Amino acid sequence: MLLSPHDGRFDGPLHHFAVRAYYEDTDLSGVVYHANYLRWFERARSDMLRLLAIDQRAAIEAGQGAYAVADLQIRYLRPAKLDDDVLILSTCTHLRAASVRMHQRAFRGDELLTEVHLRV
């Protein structure tokens, strides 16, 4: 039997997506490398679309466009560390016909680690 990855869940307009900081995510000191937050945020967005029954691959193959980040502002507040459980919270802040603005935050417990404002 093939196990499906965890897609997260919605709580009203807020999408919850859990990740864990693995060794591959960290530098030699056990701190998550800054670019890896972008990977986590991308996974959360992709799985949020999957929960909404939006098939990104089908859209690309049909020539209907792609969900590419056009603009991004990120703020690093605290580092995630090896083996931390991190919760990514994502919300749509502005929806237009051809773009969407989102706010995503990474938490370790109640502690805000990183947040990003972006346009897709």
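All the letters of the sequence shown, read from the start, carry residue numbers 1 to 120 under UniProt numbering.
Each residue gets a CB set at the ideal place from its N, CA and C atoms; glycine is no exception.
What you are looking at is a predicted structure, and each value in this text was computed from that prediction instead of being measured.
| Check | Outcome |
| --- | --- |
| Tell me which residue opens and which closes the beta strand (DSSP E) that residue 85 is part of. | 85 to 95 |
| Output the distance between the C-alpha atoms of residue 57 and residue 104, rounded to the nearest integer angstrom. | 23 Å |
| Are there any heavy atoms of the ligand GTP lying less than 7 Å away from the beta-carbon of residue 79, as far as the coordinates show? | For the structure depicted, the ligand GTP is absent and the ligand set is empty, with no information on it obtainable. |
| Please give the ranges of any beta strand (DSSP E) in the segment 4 to 49, keeping only runs that are unbroken, at least 3 residues long and fully inside the region. | 9 to 11, 14 to 20 |
| Kindly identify the DSSP beta-bridge partner or partners of residue 56. | DSSP output for residue 56 lists no bridge partner at all. |
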